[in-house]
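Student: Please read through the structure below; I'll follow up with questions.
Right, dumping it as structure tokens:
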């Protein structure tokens, strides 16, 4: 018998509003010991996903430029100084989750075989994917959830059978 999405998904989803600040998101992720969260609009609909990686990339890009390698030492120092001024000013205007989130949301139906889910996650380089029933999100499958297939003997045996 094929293992299906609903059997390994995590049914409780901790979503955040897109109007939260990036700093509040970082605290939320850290407090809940998770690396990403779905993002909701004012109606509660999921409009994207925000992760620690999004926060890191935003901060990294605010402090670095690809042009640095082509600058003289004096130009590098001036560019660094200007970036610091800009970053300092940006800090006065809170960056919201909507500014850093990934707006595309991939999902699978609860009845999707986990082999198909693994293929999607590998192909798209995903660490998490939403699970739906009748177009409503009912859970999430993360790489951690996929590890259940290896650690649970019964699930492993069901996955290895040719159904």
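Numbering (our numbering), first residue to last: 3 to 165.
Every residue, glycine too, gets a C-beta built ideally from N, C-alpha and C.
These figures come from a predicted structure and were not determined experimentally.
Count the other CB atoms within 10 Å of the CB of residue 133; is the residue buried (16 or more) or exposed (fewer)?
Tutor: buried
Student: Would you check if the distance between the CB atom of residue 48 and the CB atom of residue 139 is smaller than 8 Å?
Tutor: Against a cut-off of 8 Å, the Cβ pair of residue 139 and residue 48 comes out as a contact.
Student: If we count the other Cβ atoms within 10 Å of its Cβ and call it buried at 16 or more, is residue 159 buried or exposed?
Tutor: exposed
Student: Below 8 Å, how does it come out for the region 107–126 and the region 74–88: are there three or more Cβ pairs, yes or no?
Tutor: no
Student: Expressed to the nearest angstrom, what Euclidean distance is found between the alpha-carbon atoms of residue 29 and residue 154?
Tutor: Taking the straight line from one Cα to the other gives about 32 Å.
Student: Take residue 22 as the anchor and find which of 42, 121 and 81 has the nearest alpha-carbon.
Tutor: 42
Student: Hey, residue 179 and residue 36 are a contact pair by Cβ (cut 8 Å); roughly how many whole angstroms apart?
Tutor: Nothing about residue 179 can be read from this structure; the chain reaches only from 3 to 165.
Student: Just curious, the alpha helix (DSSP H) that residue 162 is in, first and last residue?
Tutor: First-last of the alpha helix (DSSP H) with residue 162: 155–162.
Student: Are there 16 or more other CB atoms within 10 angstroms of the CB of residue 101, so buried, or fewer, so exposed?
Tutor: exposed
Student: So, are the CB atoms of residue 31 and residue 54 less than 8 Å apart?
Tutor: yes
Student: Buried or exposed: residue 130, going by 16 or more other Cβ atoms within 10 Å of its Cβ?
Tutor: buried
Student: Excluding the 5 residues flanking residue 97 on each side, which residues of the same chain have their C-beta closer than 6 Å to its C-beta?
Tutor: 24
Student: Enumerate, from N- to C-terminal direction, the unbroken alpha helix (DSSP H) stretches of 4 or more residues contained entirely within the region 78–157.
Tutor: The alpha helix (DSSP H) runs of length 4 or more contained entirely in the region 78–157 are, from start to end of the chain, 99–102, 116–126 and 145–153.
Student: Have a look at residue 4 and residue 127 and give me their C-alpha separation to the nearest angstrom.
Tutor: 23 Å
Student: Mapping the DSSP letters down to three states, classify residue 36 as helix, strand or coil.
Tutor: coil
Student: How far does the alpha helix (DSSP H) with residue 10 in it reach, from first residue to last?
Tutor: 7–10
Student: Report the partner residues of residue 52 according to the DSSP bridge assignment.
Tutor: 39
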